[in-house]
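Structure first, commentary second.
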Amino acid sequence: MKKITAIILILFTLSCSNVETSAKPDNLFDQDKMAAIITDLYIIEGAISSNRTAYIEKGVQPSSYLFEKYTMDSISFQENLNYYTDRVEDYVLIMQKVQDNLKVLQDSVSSRQERFNKEQENLVPKSTVEKGKKKEKVKNIEEEL
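Residues 1 to 145 (full-length UniProt numbering) make up the sequence shown, in order.
Written as structure tokens, this is what we have:
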């Protein structure tokens, strides 16, 4: 039994040693560029998932936007993605940068939303709103009489 277990363990170890990794692309993106691309990809995918029919009706092609913005094609993107996913340590660093980028964007949107809400509150003075409510009450009382 011990011999069979040892043989299986050796075969398993040897079979995993020849795992092929992706070759380094001719146009290798640095980690920051790859993180920026994936960040934009996540944002686009989120926007599409929230309103898919609008994107379909308008014929928007989000991939072409990314390809133009980063001056790349689908093959170079796929080669770079394969390269980094085969190198787990690098990929983890890239994904941490993506997470940091998304957090910065989320904080920015939250602060803008808070400022917008405060500006909206300041546009309509509370006294005007209260006067309007009092006028409505007076009208309702007059109507009842």
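All C-beta atoms in this analysis are idealised placements derived from N, C-alpha and C, irrespective of residue type, glycine included.
{"Check": "Using the rule of at least 16 other Cβ atoms within 10 Å of the residue's Cβ for burial, across every protein chain shown, is residue 35 buried or exposed?", "Outcome": "buried"}
{"Check": "Determine whether the beta carbon atoms of residue 25 and residue 65 lie at a separation below 7 Å.", "Outcome": "no"}
{"Check": "Is it buried or exposed for residue 77, if we count other Cβ within 10 angstroms and need 16 for buried?", "Outcome": "buried"}
{"Check": "Using alpha carbons as the reference points, say which of 118, 122, 98 and 93 lies closest to residue 37.", "Outcome": "98"}
{"Check": "Could you check the C-alpha separation between residue 116 and residue 122 for me, to the nearest Å?", "Outcome": "10 Å"}
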